[in-house]
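Participant: Numbering (the UniProt record's numbering), first residue to last: 1 to 124.
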């Protein structure tokens with residue numbers, strides 16, 4: 001399958017492996033952490049929401065500028081992959097929808113392999 005992301009396979013493998021630590025975290029806990037500690041969520045709560053629409057910036061540029069210092073990038077990415085899967089849109093976890101669509105099958109394969117081995121990956 002040609003994805004347009006040839007050469008990034010190793011990058012996506014590393015990212016998917018980093019997300020293994022969240023495998024056992026319930027969805028509601030992930031979302032609570034993301035909405036409480038996410039930089040973009042704090043901006044929105046303060047009325048300084050990110051300018052996602054109507055800007056000349058690309059999603060990649062917005063992700064780099066807004067998500068760069070976010071303490072919950074990986075939790076956000078995990079939550080979005082679980083929620084939207086391959087139908088993901090926008091910027092989540094400092095990745096564009098294109099990058100997350102390329103990451104999704106790698107992430108999903110790791111989860112399915114973990115379940116076949118008995119699950120319970122707690123990241124340790």
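Idealized CB from N, CA, C, for every residue including glycine.
Decide if residue 9 is buried, meaning its Cβ has at least 16 other Cβ atoms within 10 Å, or exposed.
Facilitator: Counting from one through the chain shown, the residue named residue 9 turns up at place 9. Exposed, because fewer than 16 other Cβ atoms sit within 10 Å of the Cβ of residue 9.
Participant: Compute the distance between the beta-carbons of residue 72 and residue 33, then report whether it is under 8 Å.
Facilitator: Counting from one through the chain shown, the residue named residue 72 turns up at place 72. Counting from one through the chain shown, the residue named residue 33 turns up at place 33. Contact: yes.
Participant: What is the rounded straight-line gap between the Cα of residue 39 and the Cα of residue 13?
Facilitator: Translated into the one-based positions of the chain shown, residue 39 becomes position 39. Translated into the one-based positions of the chain shown, residue 13 becomes position 13. If I take the Cα positions, the gap works out to 26 Å.
Participant: Residues in its own chain within less than 8 Å of residue 68 by CB, not counting five upstream and five downstream?
Facilitator: Taking the first residue of the chain shown as position 1, residue 68 is located at position 68. So the list reads 94, once near-sequence residues are dropped.
Participant: By DSSP's criteria, residue 95 is part of a beta bridge. Which residues make up the other side?
Facilitator: If you number the chain shown from 1, residue 95 lands on position 95. 92.
Participant: Of the choices 77, 36, 91, whose alpha-carbon is the least far from that of residue 62?
Facilitator: Here residue 62 refers to the residue found at position 62 when the chain shown is read from its first residue. When only C-alpha atoms are compared, the closest one is 91.
Participant: Just how far apart, CA to CA, sit residue 41 and residue 35?
Facilitator: Taking the chain shown and counting its residues from 1, one reaches residue 41 at position 41. Taking the chain shown and counting its residues from 1, one reaches residue 35 at position 35. Roughly 6 Å between the two C-alpha positions.
Participant: Rank 101, 76, 26 by C-alpha distance to the C-alpha of residue 87 and give the top, closest one.
Facilitator: If you number the chain shown from 1, residue 87 lands on position 87. Looking at the Cα atoms, 101 is the closest of the given residues.
Participant: Do you know whose CA, among 64, 74, 108, 19, lies nearest residue 37's CA?
Facilitator: For the purposes of this step, residue 37 is taken as residue 37 along the chain shown, with counting starting at 1. Minimum Cα distance to residue 37 is reached at 74.
Participant: DSSP on residue 24, reduced to helix/strand/coil?
Facilitator: Along the chain shown, read from residue 1 onward, the residue named residue 24 stands at position 24. Of the three classes helix, strand and coil, the one that applies to residue 24 here is coil, per DSSP.
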